[in-house]
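With the UniProt record's numbering, letter number 54 in the sequence shown gets 54, and the count goes up by one each step, no holes.
Note that the Cβ used here is the ideal one computed from N, Cα and C, for glycine as well.
This report concerns only the one structure given below.
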Amino acid sequence: MCGIALIIFGIKIDFPHCTCPSPQSSYVPLFSVEDIKAALQRRGPDSLGTSTINLYSKISDDEWKDYIVQSSVQKEGAVENGCGSELRGELQFIGATLQLRGVNPVVQPLTDEFGNVLVYNGEIFGGIDFNSDSNDSEILLQSLGQCFSCTSDKDRRSSCCSRGSQKSVPELLSRVRGPWTLIYWQDSSKTLWFGRDAFGRRSLLVHWPTVHDPRLLLSSVSPTSSNQQCYDIDDDNGKVELNFWEELSCGVYSISMSPLQMDGTLTGEVKKHEWTGSELKELMTWERTSIEPKPEYLSVSFEKVSIVQQDTLSAFSSELGSLQRTPLATSHRVLMALKESVFRRTTLNRIYQALPKNHGQDRHAPVAVLFSGGLDSMIIAALLHQCIGSEYEIDLLNVSFDGDSAPDRISARGGLNELQKIAPSRRWNLVEIDADLLKLTAETKHVMALINPAKTYMDLNIGIALWLAAGGDGWLCEEISSNNGAKHERVKYKSETKILLVGSGADEQCAGYGRHRTKFRNKRRDFHFSMKMS
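Pasting the structure below:
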């Protein structure tokens, strides 16, 4: 997982229904560029870089003598010579990289020969052609560089944008399969593009300009110093408290830079673009066929459950009838899709491919699973076993705030026993991570910055559990041989893997909560609505 950020100085940002304050030359920023770089560094341990787009306004040489926008790219450490025009604004890109794909090292931000700049956090599993030796970010920059330089359908229909099979930026991003966030400068149109995939699987925060801080800021994570910053604004109903940061809504956005003809001041108009493609639109609207619950769905007997567990399609069909074949076939397709998802996230990564199979006494697991022993993490661990060679170890990371008595610790140990039965040739490392919430003051402050703008007690509990698990610093229960026979002993262990798998959202997506079952059985009309809200 990478970290990306953008800081915009000196540009007046316009929204469709409101106007942000004009840039101020005298204001005290709440945090610096270095604060943002420090916040992003842990997300990208392989490299950290910056690039700056300097924007100038200049009187054109044609007969109209209008102001036009010029730009130049300034890489980190380079000296900017200017271009004989007045500097009006800056776009500072920051990219921290955790490289999982590609043969050659990659340092973000990426630039190309046309002056385009990209910072990207995500993975591409389809929609754009690439090979296993390619890096996602580099392939995406090449594809974006082939998009035409228009920001609206109206522009596209004009003759200047008639370029055969070329796509717009929203069209290209609608085709990308996988989780992503990006910030992209398209130099030919002097347009900034940014956004998140349709399901919001990567974080991207935004600070829209205010009188307190007139910069436009985008970042994967907030600096700790801005965590508690809020503003009071006047509203029709009185004062309303706003957080400094907010989560950017899923979608593709653009800001097209243009100068005011009075004085050359740069302005940028924010637009949100529609997704293209019927499949993606259908997923976003959650259009589903209404299903009336049948008697056999409402009261499944233990006898029928045992038949299902035999994994014999003929026996299952004879018991429940041909009507049940479709649900079972659908379940099989879901399982195969999940297995393919695990495969793509592990064996295609350069970290896994570069790990020698015969690594002697140096224990190393290429992949870890955040493991509670529940159904979702058990399925992912079992599928992971099918995707990577049995000579590799797998770390199972389990967090407990109540020691051995915690339900998740008990279920994790039970899950480990089951995995050892189905895969005895595999070495499974159950990493038991113990913590006390009352003693995590410094860690709590850090995690609150990571989950910002979420701030409830439940958000913190979930966030700190994931954070501790991802650290992988815990204990293994080892079997020690001695003259008196084998005994078990806890030994210190730290997982070094950079590939972590976590199962989350299964109950929300698949109606796994009791409230879903109740509404389904009662034929509630709001069942589908409740699934949308999940």
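Using DSSP bridges, identify the partner residues of PRO45. Locating residue 45 in the sequence shown gives position 45, where the first residue counts as 1. Bridge partners of PRO45: THR97.
Report the three-state DSSP secondary structure of CYS250 (helix, strand or coil). Locating residue 250 in the sequence shown gives position 250, where the first residue counts as 1. In the displayed model, CYS250 falls within coil according to three-state DSSP, outside both helix and strand.
If contact is defined by three or more beta carbon pairs under 8 Å, each pair taking one atom from either stretch, is the stretch 450–470 in contact with the stretch 209–220? No, they do not touch.
From this set, GLY89, SER254, GLN41 and GLY95, which residue's C-alpha is nearest THR265's C-alpha? In the sequence shown, the residue the question calls residue 265 occupies position 265. Minimum Cα distance to THR265 is reached at GLY89.
Within 10 angstroms of its Cβ, does LYS519 collect 16 or more other Cβ (buried), or is it exposed? Reading the sequence shown from its first residue, position 519 is the one you call residue 519. If you draw a 10 Å sphere on the C-beta of LYS519, you find 16 or more other C-beta atoms in it, and that means buried.
Could you spell out the range, first to last residue, of the alpha helix (DSSP H) harbouring ILE183? Position 183 of the sequence shown, counting from 1, holds the residue named residue 183. It is not in any alpha helix (DSSP H) - ILE183 instead sits in the beta strand (DSSP E) that spans 180–186.
Going by DSSP, name the residue or residues bridged to PRO259. Position 259 of the sequence shown, counting from 1, holds the residue named residue 259. Residue pairing from DSSP places PRO259 in a beta bridge opposite LEU266.
Report yes or no: do three or more beta-carbon pairs, one from the stretch 41–48 and one from the stretch 94–107, lie closer than 8 Å? Using a Cβ-Cβ distance cut-off of 8 Å, the stretch 41–48 and the stretch 94–107 are in contact, since at least three pairs of beta carbons, one from each stretch, lie closer than that value.
Given 8 Å, three or more beta-carbon pairs between the stretch 113–130 and the stretch 27–38: The stretch 113–130 vs the stretch 27–38: no contact.
Across which residues does DSSP place THR52 in a beta bridge pair? Here the question's residue 52 lines up with position 52 in the sequence shown. According to DSSP, residue pairing for THR52 in a beta bridge involves GLN74 and GLN92.
What's the C-alpha gap between ASP434 and LEU396? The residue labelled residue 434 in the question sits at position 434 within the sequence shown. The residue labelled residue 396 in the question sits at position 396 within the sequence shown. Their backbone Cα atoms lie some 14 Å apart in a straight line.
Sheet register partners of ASN398 (DSSP bridge): One-based indexing of the sequence shown puts residue 398 at position 398. BP columns for ASN398 point to GLU432.
Identify whether ILE388 lies in helix, strand or coil by the three-state DSSP scheme. On the sequence shown, residue 388 is found 388 positions in, with the first residue counted as 1. Three-state DSSP puts ILE388 in coil, outside helix and strand.
Three-state secondary structure (DSSP) of GLU340: Position 340 of the sequence shown, counted from the start, is the residue given in the question as residue 340. Residue state, collapsed to three classes: helix.
Near LEU348, what residues of its chain come up, given a Cβ to Cβ distance below 8 Å and the 5 sequence neighbours on each side ignored? Translated into positions along the sequence shown, residue 348 becomes position 348. These residues qualify, in order along the chain: ARG101 and SER132.
GLN108, buried or exposed, once every other Cβ within 10 Å from all chains shown has been counted against 16: Here residue 108 refers to the residue found at position 108 of the sequence shown. Buried, by the Cβ-count rule.
What is the rounded straight-line gap between the Cα of residue 536 and the Cα of VAL69? Only positions 1 to 534 of the chain appear in the structure, and residue 536 is not among them; the question remains open.
Simplified DSSP assignment, three categories, for LEU328: Position 328 of the sequence shown holds residue 328. Here LEU328 sits in helix by DSSP.
Using a 10 Å radius around the Cβ and a threshold of 16 neighbouring Cβ atoms, would you call LYS439 buried or exposed? Taking the sequence shown and counting its residues from 1, one reaches residue 439 at position 439. Exposed, since its Cβ has fewer than 16 Cβ neighbours within 10 Å.
Bounding residues of the alpha helix (DSSP H) (the contiguous stretch that carries GLY463): Within the sequence shown, the letter at position 463 stands for residue 463. Boundaries of the alpha helix (DSSP H) harbouring GLY463: 457–471, taken from the DSSP string.
Grouping DSSP H, G and I as helix and E and B as strand, with all else coil, what is THR111? The sequence position of residue 111 within the sequence shown is 111, counting from 1. If DSSP states are grouped into helix, strand and coil, THR111 belongs with the strands.
How many angstroms separate the CA atom of VAL169 from the CA atom of LEU118? As a working note, residue 169 is residue 169 in the sequence shown. As a working note, residue 118 is residue 118 in the sequence shown. Rounded to the nearest angstrom, the two C-alpha atoms are 13 Å apart.
In its own chain, which residues sit with a C-beta less than 6 Å from the C-beta of ILE190, not counting the 5 before and 5 after it? Position 190 of the sequence shown holds residue 190. A small correction: the amino acid at residue 190 is Lys; Ile does not occupy that position in the sequence shown. Result list for LYS190: VAL69 and MET257, in chain order.
Report the residue from ASN135, GLY505 and LEU242 whose alpha carbon sits nearest the alpha carbon of PRO453. The residue you call residue 453 lines up with position 453 of the sequence shown. Nearest to PRO453 by alpha-carbon distance, out of ASN135, GLY505 and LEU242, is LEU242.
Decide if TYR184 is buried, meaning its Cβ has at least 16 other Cβ atoms within 10 Å, or exposed. Taking the sequence shown and counting its residues from 1, one reaches residue 184 at position 184. Counting Cβ neighbours within 10 Å, TYR184 comes out buried, since at least 16 surround it.
DSSP has LEU192 in a bridge; who is on the other side? If you number the sequence shown from 1, residue 192 lands on position 192. Residue pairing by DSSP places LEU192 opposite TRP185 and ILE255 in a beta bridge.
According to the Cβ coordinates, are LEU172 and SER143 closer than 8 Å? What you label residue 172 is simply residue 172 of the sequence shown in a count that begins at 1. What you label residue 143 is simply residue 143 of the sequence shown in a count that begins at 1. Yes; because the gap between Cβ atoms is below 8 Å, this pair is in contact.
Do the stretch 422–429 and the stretch 398–406 meet, that is, are 3 or more Cβ pairs less than 8 Å apart? Inter-segment contact for the stretch 422–429 and the stretch 398–406 is absent: fewer than three beta-carbon pairs are separated by less than 8 Å.
Going by DSSP in three states, LEU217 sits in which element: helix, strand or coil? Along the sequence shown, read from residue 1 onward, the residue named residue 217 stands at position 217. DSSP places LEU217 in strand when its eight states are reduced to three.
Could you name the residues that DSSP lists as bridge partners for LYS271? Reading the sequence shown from its first residue, position 271 is the one you call residue 271. DSSP output for LYS271 lists SER254 as bridge partner(s).
Of all the options GLY474, ASP473, HIS446 and GLU274, which has the alpha carbon lying nearest to the alpha carbon of ASN461? Taking the first residue of the sequence shown as position 1, residue 461 is located at position 461. When each option's Cα is compared against that of ASN461, the closest is HIS446.
Cβ distance (whole Å) where THR346 is taken to contact ILE139 below 8 Å: Working through the sequence shown from its first residue, we reach residue 346 at position 346. Working through the sequence shown from its first residue, we reach residue 139 at position 139. The pair is not a contact, with the Cβ atoms about 20 Å apart (cut-off 8 Å).
Is it buried or exposed for VAL334, if we count other Cβ within 10 angstroms and need 16 for buried? Counted from its first residue, the sequence shown places residue 334 at position 334. Looking at its Cβ environment, which holds fewer than 16 other Cβ atoms inside 10 Å, VAL334 is exposed.
Cα-Cα, which of MET378, GLU496, ARG515 and ARG521 is closest to VAL502? Working through the sequence shown from its first residue, we reach residue 502 at position 502. Per the Cα distances, MET378.
Report the partner residues of GLY494 according to the DSSP bridge assignment. Here the question's residue 494 lines up with position 494 in the sequence shown. Note on identity: in this sequence residue 494 is Lys, with Gly being the wrong assignment. For LYS494, the beta-bridge partners assigned by DSSP are ASP473.
Sub-8 Å separation of GLU496 and GLU489 beta-carbons: What you label residue 496 is simply residue 496 of the sequence shown in a count that begins at 1. What you label residue 489 is simply residue 489 of the sequence shown in a count that begins at 1. Taking 8 Å as the Cβ cut-off, GLU496 and GLU489 do not qualify as a contacting pair.
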